[in-house]
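S.K.: The following block contains the structure, expressed as structure tokens.
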Amino acid sequence: MIRLALGTLRQHRGAYAGTFFAALLAVALLAGGGLLLASVLTAKPPADRFAAATLVVSGDRAVTLEKVTTKEKKDKVKVKRKVKSERLTGAGSLPADLAGRLGDLPGVATAVADVAFPVQAGTSDGRPLRGADNAPVIGHGWASAPLTPYVLRTGEAPGPGQVVVDADLANRSGATVGGRLVVTTKTGVRSMTVSGIAAPVGRDGLPAQGALFVADAEVASVSGLPGPTAVAVLATPGTDPVALRAAVEKAAGKAPVLTGADRVRADLPGALPDYIGPISMFGFVIGITAFSAVFVLTGTVTLGVRQRLRELALLRASGATPGQLRRLLGVESVLLAGFAALPGAPLGVLFAHLVAARFRDLGAVPAQFVVRTNVIVLIAAAVAGMLVTFVGARIAGRRAVRIAPTQALAETANAPTGGLVVRAVLAVVTAAGAVALLIFVPLDGPLGMGMSFVSSALLLCTVAALGPLLIRVLTTPVSRLVGLGGATGWLAGLVTRAEPRRVAAVAVPLVLMFAINATMLLNSALIDDLTAQEQVDRTASATAQVTAQGGLPLGTVEKLAALDGVTGAAATLPTRAIVEQGGKPEDFATQGLLVAGDESALDLDLRAGTLPGTGAFAASEYITDQYGWRLGDDVPIWLADGQQVHLRLAGVYARARGFGDLALPADLVAAHDPRGLVSTVGLRYHGDVPDQIAASWPELRLTPTLGAAPARDAQNQQGAWELMVVISLGFTAIAVVNTFAIATAARRREFAGLRLVGATTGQLHRLVGREALITVSAGLALGILVTAIVVGAFSTAQDGTPRVFVDAGTYAAMLGGVAALGLVAGVVPARVLLGRRSLPALGDGR
Amino acid sequence: MRNSGMNAPARRPVVEVLDVTKTYPGGGGARALDGVSVAFEAGSFCAVMGPSGSGKSTLLHCAAGLDRPDSGRVLLAGQDIGGLREPQLTQARRRRVGFVFQSYNLMDALSVWHNILLPQRLAGVRPDRDWAREVMRRVGLTGRENDRPGQLSGGQRQRVALARALASRPEVIFADEPTGALDLSTGREVLGLLREAVDSTGTTIIMVTHDPSAAAWADRAVFLADGRIVTELADPTAEKVAAQMMAVTVR
């Protein structure tokens, strides 16, 4: 049978080449996306700041909750334990006396307390200090320098008012011993003198973090931390590591004790490259590409099999059983996909490297991120490609192999119709799934974008399942319209109406291309618009917004609010906080909020209650709804350093976009957020306040509005998002062209027949053009429908306004782009096919 | 009542092939047609006979303007189609020529009725519906207008192809093994219809076949071997044609 399969290869070059190409691309995309995801999941921290320590006791780095459910079944009692944790953005601190207690243990040479805290440092002329690849600068007490170890290159250890910076930071900023740096932490702005320059052995600094050391006596006052974030233990030589660990664990109580490669986890979360964002982003990339790849590949395989019905019928006529045909299709598809995987997998590696490089440039992944080629992922991608091709061929062949042998004698074989029940069931299930998602998932929440993508994917499956039926309904009016244009139009109308399956096979990739990409683009544009609008509305009442490079301490805000002429001030201090529901901790973007003065400088659009004050907080409508809180409820909240506080819900606000879902008292946030700096102060004033600010705080910037100034993170996400749309557009565009080419290649006979009854080549070109017009119109109509459902639901969930177009420019560009691509893809393959021979082969196919 | 072309020399030829040569690339230099000259009179039914590879299909393609001869001239109703380029060649062909093929060449997407009218629509002329209905009646397809070719038997499909050829009132119909895919009695019916078209409407039919009994329906049979016309028979009968074929094949 396999020789038979290979023997037929030559005759159906078009279909085979198309399937091969689709399988190749699908494997490449799956492999690429898989490699990216595997690489972020297994990404190792680039360096261990505790390399010289034997073991490290770490403060809390996550909130971990355990939920115990007891189920009684007859006489058995089942106890289920579910442990869920959420990473902290800050670091919990350890008791101040822990280092002393550990130091007294046998086998411990020294126990060193490490107080790590992010600092905002700058040269005296205002240039900020950043490490390699824009890495943050982390402050430490000088005592922790030996843990890496950092060794002084020049100068001396820091005394009061002095700092030591690493050689890398010194090189970048031009700081020299004796120079001055402006060091901002949440406890204030200080001008400090560089007393020395240190470096780890063999290099200028650690990757991904710059180091700034202050005197041990000053570390508490500069950092504002109540205790060390970690305590490192250096053992005396010859100590039994197991016994030492046991002793340290006993002394440390609940705090985790880390050894070996785990030691790095005791570092400050902000000091390590953050792979949480990239994981969800690459998860999304692989979700989109996997769906598109599988969707397109299945369609291509089905089309390829359907075009060979005549040959299958001939095989049936020459004695092949349906079982043999099924095996033939199966073996052939696996071989084809297997060969496609050979170039596909390396292409996937290349794809992963290109995307990673672009994401690194955009800052969407840490600069230290590298793609590691993982053979298992490559094999999995190849197997997935083969499996999809195999299943697609078997499904398409399900009906084809039952073809009557007599059909072989017919001019063109028609597969027995049927499978209507399967199609209907598939359509109902996927449509119901999509509708359920759109209705029951809160689309205005963090899952909104992902779920709107999933529901449009499901609706696309519905369209694919109902393809021929929908196409028949749509082509009837469209083709009549197109049919008004003479003989070719009339013929195009008849042909497209007569072959809804072929038209559907070509139109469905167009629906995919439009719906998937338009949904992504329009939804993100909508979120951007709404966020920008809410930002404007929130800050409209303020006269001006005050910002500083990296942020300003809360103490400065209080002085600003007290300036002569200031009638209102509102300071926001960004952080993240964790709340719990059903034993599952989840973190949310949060603002510490300080409001002063008689007049409001920030309008959160309070729906109920008041703004946060001592012991009280406010929450967005979304989170209040999700967590079922009511005004006056006492809610446990974990702050950035893992400290749990109980706050009373004092108010509910509506304008949460670009702000956060929780608003806590600013002093509480400042005390527990590692950075603890105010990002923006809205001021309402009259008189010469700007002059006063310029005189007292030259580093502060005063701008009338702060509408379009997204945070750095948001910009990175935007860039990454655009790249994802480009990848998705590219792949779906290739799918459209590929499908058109396969469909056209199989029409050689039909075109020859038309030429014989008197059609000129020009007429055939016009015919194909009209057919493409009908196909593209039908495809776009379905694409518009899917997009309208998803975007409409998404938009309604955001602010109650159903929108379909959102951004007319984007919409028109998508529509025009997809239409143009479809028309070109429809016309060009026929030109190539017809251009090769001016006259048709007579009785071609004999 | 057969009209023999040989007995009416005054009739003008509708297709004239003059000293046509044709060599296909890759054929080892062997000529498919080697200086063939033949004329087909209007209103006659001529069979082109010959063993496989004798060049009979090539002759039909060249005469019908489907293929271009390497040298020589082809006159279609007096017009030299050798010098025509696309799309003028196609336009000339669809105005004057109809085709009937062994493999029918019907559009599956179109109903019987639309298939029959297709050449006229492509030519941009108003389809003569009354004549098309009359043609359908003559070939026995009345009532099958809305069927798809896929629903018809082989004989019925060939009738559709014949009706399509007749409906545009061509000056000449080229038929390439029209009974090749049909059983004996169905084939006979189709040949009867071809004969009737010649007799009642004065159509010219040039038919390529290798079947002596099919050739017996013609007024004249031309025999080809190795790209040359070797002989011809007027008023052929199956026996005479079979004997001649034997002679030609043995050569």
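Residue numbers (our numbering), protein chains in the order written: chain A, 1 to 846; chain B, 1001 to 1251.
Ideal Cβ positions, reconstructed from N, Cα and C, are used throughout, including at glycine.
Only a predicted model underlies this, so the values are computations on that prediction, with no experimental measurement involved.
(1) Are any of the Cβ atoms in chain A nearer than 7 Å to that of Pro1119/B?
(2) Tell whether a beta-carbon distance below 7 Å holds between Leu823/A and Val776/A.
(3) If you draw a straight line from the C-alpha of Val421/A to the C-alpha of Ala28/A, how long is it?
(4) Quick check: what's the CA-CA separation for Ala650/A versus Val112/A?
(5) Just the Cα atoms here: how many angstroms apart are Ile286/A and Thr430/A?
(6) Examine chain B for any beta-carbon lying closer than 7 Å to the beta-carbon of Ala487/A, and answer yes or no.
(7) Grab the span of the alpha helix (DSSP H) containing Asp529/A for me, first residue to last.
(8) Taking Val172/A as the reference, which of Glu156/A, Asn134/A and Gly238/A has the closest Cα?
(9) List the residues of chain B whose Cβ lies closer than 9 Å to the Cβ of Thr880/A, in chain order.
(10) Inspect the beta-carbon positions of Ala589/A and Val652/A and report whether they are closer than 7 Å.
(11) DSSP state of Trp1281/B, grouped into three classes?
(12) Whose CA, out of Gln626/A, Tyr627/A, Ile774/A and Gln591/A, lies closest to the CA of Leu611/A?
(13) To the nearest whole angstrom, what separates the beta carbons of Asp916/A and Gly210/A, a pair I think is in contact under 8 Å?
(14) Below 7 Å between beta carbons: does that hold for Ala396/A and Thr475/A?
(15) Beta-carbon of Leu512/A versus every beta-carbon of chain B: anything under 7 Å?
(16) Please list the residues of the region 475-502 of chain A that have a C-beta atom closer than 9 Å to any C-beta atom in chain B, keeping them in chain order.
(17) So, helix, strand or coil for Thr54/A, using DSSP?
(18) Using the C-alpha atoms, what's the distance from Val365/A back to Ala22/A?
(19) Taking 7 Å as the threshold (beta carbon to beta carbon), is Gly33/A in contact with chain B?
(20) Could you compute how far the alpha carbon of Asp1147/B sits from the alpha carbon of Val503/A?
(21) Could you tell me whether the Cβ atoms of Glu599/A and Arg684/A are closer together than 7 Å?
(22) Just list the residues that DSSP pairs Tyr1104/B with in beta bridges.
(23) Have a look at the DSSP bridge pairing and note the partners of Lys67/A.
(24) Could you give the first and the last residue of the continuous beta strand (DSSP E) run that contains Thr567/A?
(25) If you follow the alpha helix (DSSP H) that Gly100/A is part of, which residue opens it and which one closes it?
(26) Suppose the cutoff is 6 Å on Cβ atoms and the five residues either side in sequence are ignored; what does the same chain contact list for Val83/A look like?
(27) Could you work out which residues of chain B lie near Leu833/A, taking near to mean beta carbons separated by less than 9 Å?
(28) When Cβ atoms are compared, which residues of the region 528-540 of chain A fall closer than 7 Å to chain B?
(29) Tell me, please, whether the CB atom of Gly753/A is closer than 7 Å to any CB atom in chain B?
(30) I need the DSSP call for Trp638/A, collapsed to helix, strand or coil.
(31) May I ask you to list the residues that DSSP assigns as paired with Thr1021/B?
(32) With Thr89/A as the anchor, note down where its beta strand (DSSP E) starts and where it stops.
(33) So that I know if they touch, is there some Cβ in chain B lying closer than 7 Å to that of Gly18/A?
(34) Using alpha carbons as the reference points, say which of Pro1178/B, Asp1211/B, Tyr1024/B and Ala1175/B lies closest to Ser1071/B.
(35) For Asn1146/B and chain A, any beta-carbon pair shorter than 7 Å?
(36) Can you tell me which of the three DSSP states Tyr627/A falls into?
M.R.: Taking the structure as given:
(1) In the second sequence, residue 1119/B corresponds to position 119, counting from 1. Closer than 7 Å to some Cβ of chain A, the Cβ of Pro1119/B qualifies, so yes.
(2) Taking the first sequence and counting its residues from 1, the one referred to as residue 823/A is at position 823. Taking the first sequence and counting its residues from 1, the one referred to as residue 776/A is at position 776. In contact: Leu823/A and Val776/A (Cβ atoms closer than 7 Å).
(3) For the purposes of this step, residue 421/A is taken as the residue at position 421 of the first sequence. For the purposes of this step, residue 28/A is taken as the residue at position 28 of the first sequence. For Val421/A and Ala28/A, the distance between alpha carbons rounds to 34 Å.
(4) To locate residue 650/A, count along the first sequence from 1; it is residue 650. To locate residue 112/A, count along the first sequence from 1; it is residue 112. Roughly 43 Å between the two C-alpha positions.
(5) Position 286 of the first sequence, counted from the start, is the residue given in the question as residue 286/A. Position 430 of the first sequence, counted from the start, is the residue given in the question as residue 430/A. The C-alpha of Thr430/A is placed about 21 Å away from the C-alpha of Ile286/A.
(6) Stepping through the first sequence from its first residue, residue 487/A is reached at position 487. Yes - at least one Cβ of chain B is within 7 Å of the one on Ala487/A.
(7) Residue numbering aside, residue 529/A sits at position 529 when the first sequence is read from its first letter. Per DSSP, Asp529/A belongs to the alpha helix (DSSP H) from Pro500 to Thr539.
(8) By 1-based counting over the first sequence, the position of residue 172/A is 172. The question names Val, but residue 172/A is Arg in the sequence shown. The shortest Cα separation from Arg172/A among Glu156/A, Asn134/A and Gly238/A belongs to Asn134/A.
(9) Residue 880/A lies beyond the residue range present for chain A, which begins at 1 and ends at 846; the question has no answer from this structure.
(10) Counted from its first residue, the first sequence places residue 589/A at position 589. Counted from its first residue, the first sequence places residue 652/A at position 652. It is not a contact, given that the beta carbons lie outside the stated cut-off.
(11) What is shown of chain B runs 1001 to 1251, which leaves residue 1281/B out entirely.
(12) As a first step, residue 611/A must be located in the first sequence, where it is residue number 611. Here the closest residue by C-alpha is Gln591/A.
(13) Outside the shown range of chain A, which is 1 to 846, sits residue 916/A, and nothing can be said about it.
(14) Position 396 of the first sequence, counted from the start, is the residue given in the question as residue 396/A. Position 475 of the first sequence, counted from the start, is the residue given in the question as residue 475/A. Taking 7 Å as the Cβ cut-off, Ala396/A and Thr475/A do not qualify as a contacting pair.
(15) If you number the first sequence from 1, residue 512/A lands on position 512. No, no contact with chain B.
(16) Shown in chain order are the members of the region 475-502 of chain A whose Cβ falls below 9 Å from a Cβ of chain B: Gly486, Ala487, Thr488, Trp490, Leu491, Leu494, Val495, Thr496, Arg497, Ala498 and Glu499.
(17) By one-based count along the first sequence, residue 54/A stands at place 54. It is coil, neither helix nor strand.
(18) Looking up residue 22/A in the first sequence gives position 22. Looking up residue 365/A in the first sequence gives position 365. Cα to Cα, the separation comes out at about 29 Å.
(19) Working through the first sequence from its first residue, we reach residue 33/A at position 33. Gly33/A does not count as touching chain B.
(20) Position 147 of the second sequence, counting from 1, holds the residue named residue 1147/B. Position 503 of the first sequence, counting from 1, holds the residue named residue 503/A. One C-alpha to the other measures close to 22 Å.
(21) The count along the first sequence starts at 1 and reaches residue 599/A at position 599. The count along the first sequence starts at 1 and reaches residue 684/A at position 684. Yes, they are a contact pair.
(22) Position 104 of the second sequence, counting from 1, holds the residue named residue 1104/B. Paired residue(s): none; Tyr1104/B is not in a bridge.
(23) Along the first sequence, read from residue 1 onward, the residue named residue 67/A stands at position 67. Secondary-structure assignment with DSSP links Lys67/A through a beta bridge to Lys82/A.
(24) For the purposes of this step, residue 567/A is identified with residue 567 of the first sequence, where counting begins at 1. That run of the beta strand (DSSP E) goes Val566 to Gln581.
(25) Here residue 100/A refers to the residue found at position 100 of the first sequence. Element bounds for Gly100/A: Leu98 to Gly103.
(26) Indexing the first sequence from 1 puts residue 83/A at position 83. Excluding residues up to 5 positions away in sequence, Glu66 lie with their Cβ nearer than 6 Å to the Cβ of Val83/A in the same chain.
(27) As a position in the first sequence, residue 833/A is number 833, starting the count at 1. In chain order: nothing, as chain B lies at least about 15 Å away.
(28) Per Cβ criterion, the list is empty.
(29) Translated into the one-based positions of the first sequence, residue 753/A becomes position 753. At least one chain B Cβ lies under 7 Å of Gly753/A.
(30) As a first step, residue 638/A must be located in the first sequence, where it is residue number 638. For Trp638/A, the secondary structure class from DSSP, reduced to helix, strand or coil, is strand.
(31) Counting from 1 along the second sequence, the entry for residue 1021/B is found at position 21. According to the DSSP secondary-structure assignment, Thr1021/B is paired through a beta bridge with Ser1071/B.
(32) Taking the first residue of the first sequence as 1, we reach residue 89/A at position 89. Careful: Thr89/A lies outside any beta strand (DSSP E) and carries neither H nor E.
(33) Within the first sequence, numbered from 1, the residue matching residue 18/A stands at position 18. Taking 7 Å as the CB threshold, Gly18/A stays off the interface with chain B.
(34) Working through the second sequence from its first residue, we reach residue 1071/B at position 71. Here the closest residue by C-alpha is Tyr1024/B.
(35) By one-based count along the second sequence, residue 1146/B stands at place 146. So, not an interface residue.
(36) Taking the first sequence and counting its residues from 1, one reaches residue 627/A at position 627. Three-state DSSP puts Tyr627/A in a helix.
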